[in-house]
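Numbering (the UniProt record's numbering), first residue to last: 1 to 353.
Only one structure is covered here, and it is reproduced in the block below.
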């Protein structure tokens, strides 16, 4: 039995399903987004923390030329009953401060954008609660998804979680919301390479082997030292280790103010062109985060999505060059090193630690 959740009652919960019903009727009024994903993370919902200055998502669809394919609202945290079960950043999702978030989300869905929520992130607690008492803490998450007509969840597991635990969550989401429900994960990029650093506690290789058919794609974090978006090398390492290009999204910072590892637009453009030229099924890009995205900054954050779409598109028009013998050797050497690193870690874990 699903536990009671205040998110499923009250005027907000009644309003947003009605807004969502407009999606199919209005979708034909907007241009289709690009084939390659352009994923926008949306966490800062108000400028300067002021409840009177909302950050609107509507500029993403204002002129009918929709560049963003997915918008991920975050960060969602699973908390105890005393705190309301579910928190969106610092408040419960039905707080009036988020009314514009949900109305904007419905408008984006009507424009053909897939709207999801990001669960977890740097704040601890969500994953340990699901591990300790899955049914109790899954119920409010289930109700939250339904109350706000979310089309998927991005699982950002940055604390240790068991493989069985994440598989159980994915299986339940698919069982409850259907095969069309979009499940993504947001590992650090290194976790998608053999023996690479990993914050999640489980192997993404094992997860892909067991539930790859249920996972739409991975929003790899190519920043904070976990990956580098200034060249194609780290992305290619992931492909060389077995993940298909269509499932690997290159996550990057949208502004140097958003963390360490920002790569300028001028520097990332040739990388995207190269990846799109070499890999017709290149998975796309993700940006952390929306409100101050360059080149437009806080005044025009929507410009980032259009810029990224166009940069990738320019690469698809380039005839992919043949990989040189030197590059093949370089990639083979890097892969041998990663395999050695994996085996060294396995030996230490099994025989030393």
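Every residue, glycine too, gets a C-beta built ideally from N, C-alpha and C.
Pull up the DSSP beta-bridge partners for residue i, would you.
i           : result
residue 89  : Paired residue(s): none; residue 89 is not in a bridge.
residue 46  : 54
residue 288 : 253
residue 161 : Answer by DSSP bridge pairing: none, since residue 161 is not bridged.
residue 119 : 76, 155
residue 248 : 218
residue 188 : 221
Over what stretch of residues does the beta strand (DSSP E) that includes residue i continue unbroken?
i           : result
residue 75  : 70 to 78
residue 153 : 152 to 157
residue 217 : 217 to 221
residue 113 : Where residue 113 is concerned, there is no enclosing beta strand (DSSP E), given that its DSSP letter is neither H nor E.
Does the separation of the CB atoms of residue i and residue j fall below 7 angstroms?
i           : j           : result
residue 39  : residue 286 : yes
residue 99  : residue 58  : no
residue 124 : residue 159 : yes
residue 305 : residue 67  : yes
residue 229 : residue 281 : no
residue 212 : residue 181 : no
residue 237 : residue 330 : no
residue 272 : residue 315 : yes
residue 231 : residue 294 : no
residue 226 : residue 267 : no
residue 252 : residue 222 : yes
residue 86  : residue 144 : yes
residue 250 : residue 262 : no
residue 92  : residue 84  : yes
On the DSSP letters alone, give me the boundaries of the alpha helix (DSSP H) that residue i sits inside.
i           : result
residue 263 : Run containing residue 263: none; DSSP gives neither H nor E here.
residue 313 : 303 to 316
residue 205 : 204 to 211
residue 185 : Residue 185 -> not in any alpha helix (DSSP H); beta strand (DSSP E) instead, spanning 182 to 185.
residue 326 : 325 to 347
residue 233 : 233 to 240
In chain order, what residues of the same chain lie with their CB nearer than 6 angstroms to the CB of residue i, ignoring the 5 residues before and after it?
i           : result
residue 6   : With a pLDDT of 35 at residue 6, under the threshold of 50, the modelled position of that residue is not reliable, and no figure is offered here.
residue 215 : 183
residue 156 : 118, 120, 121, 186
Keeping to the same chain, check which residues put their C-beta closer than 7 angstroms to that of residue i; ignore five residues upstream and five downstream.
i           : result
residue 126 : 77, 78, 119, 120
residue 41  : 72, 74, 118, 286, 287, 288, 289, 290
residue 108 : 57, 60, 61, 71, 115
residue 137 : 78, 129, 130
CB-CB under 8 angstroms to residue i, same chain, minus the five flanking residues each way: which ones, in chain order?
i           : result
residue 343 : 195
residue 239 : 245, 248, 279
residue 22  : Low confidence applies here, because residue 22 scores a pLDDT of 42, under 50, leaving its location unreliable; read the following figure in that light. Only 106, 110 meet the Cβ criterion.
Helix, strand or coil, according to DSSP, for residue i in the structure here?
i           : result
residue 138 : helix
residue 106 : helix
residue 12  : Any reading at residue 12 needs caution, since the residue's pLDDT is 44, under 50, leaving its predicted position unreliable; the model's value is listed next. Helix at residue 12.
residue 41  : strand
residue 166 : helix
residue 145 : helix
residue 66  : coil
residue 272 : helix
residue 127 : helix
residue 179 : coil
residue 100 : helix
residue 194 : coil
residue 82  : helix
residue 35  : coil
residue 280 : coil
Below 6 angstroms, is the gap between the Cβ of residue i and the nearest heavy atom of the ligand ZN?
i           : result
residue 198 : In terms of ligand content, the structure shown is empty, and the ligand ZN therefore cannot be addressed.
Quick one: does residue i have its CB under 7 angstroms from some CB of chain B?
i           : result
residue 147 : Reference to chain B is not applicable here, since this structure consists of a single protein chain.
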